[in-house]
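Structure first, then comments.
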Amino acid sequence: MLEFNLAFNQFITNRTDVIGKTSLKELGKYNELNTYCIKLFKDIYNQLPDDSKMLLYEYEYKSNILQGLAESIMYEQGLKDGVSLSRILSGG
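Here it is in structure tokens:
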């Protein structure tokens, strides 16, 4: 079961990466917001004293990990919901 869980988690990671690189990139609003966030980060970074810049990077890093974790959990739940819905609709 451990091997299955590892493979399943790797599948989710790969799938969310593909979605991020394809589907999200096609959304104008997403691209606009992403570009703005990158600019905002750079602006904040450039205004910080040198001894605070690593703190901002640490925050950004942890925020990205948190977002990735949330995306994986939501994707996994969506997949489970899809399987459950399929069973309900097929009468099984």
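Just so you know, the UniProt record's numbering puts 74 at position 74 of the sequence shown, and the rest follows in order with no gaps.
Think of the CB as a built atom: it goes at the ideal place given N, C-alpha and C, for glycine as much as any other residue.
Check: For glycine 20, does the three-state DSSP call read helix, strand or coil?
Finding: Residue 20 sits at position 20 when you count from the first residue of the sequence shown. The answer is helix: DSSP assigns glycine 20 an H, G or I state.
Next item on the list: Taking lysine 39 and asparagine 31 to be in contact with their CB atoms under 8 Å, please state how far apart those CB atoms are, rounded to whole angstroms.
Entry: Walking along the sequence shown from the start, residue 39 turns up at place 39. Walking along the sequence shown from the start, residue 31 turns up at place 31. 13 Å between Cβ atoms; not a contact.
Notebook entry, point to check: If we count Cβ pairs, one from each stretch, closer than 8 Å, do we get three or more for the segment 53-60 versus the segment 3-16?
Noted result: no
Check: Which residues mark the beginning and the end of the alpha helix (DSSP H) in which lysine 25 is found?
Finding: On the sequence shown, residue 25 is found 25 positions in, with the first residue counted as 1. Taken as a continuous stretch (DSSP letters only), lysine 25 belongs to no alpha helix (DSSP H), as it is neither H nor E.
Notebook entry, point to check: To the nearest angstrom, how far is it from the Cα of isoleucine 44 to the Cα of leucine 2?
Noted result: Walking along the sequence shown from the start, residue 44 turns up at place 44. Walking along the sequence shown from the start, residue 2 turns up at place 2. Going from the Cα of isoleucine 44 to the Cα of leucine 2 covers about 43 Å.
Check: Are threonine 22 and serine 72 close, meaning C-beta to C-beta below 8 Å?
Finding: On the sequence shown, position 22 is the one that residue 22 refers to. On the sequence shown, position 72 is the one that residue 72 refers to. Not in contact: threonine 22 and serine 72 (Cβ atoms no closer than 8 Å).
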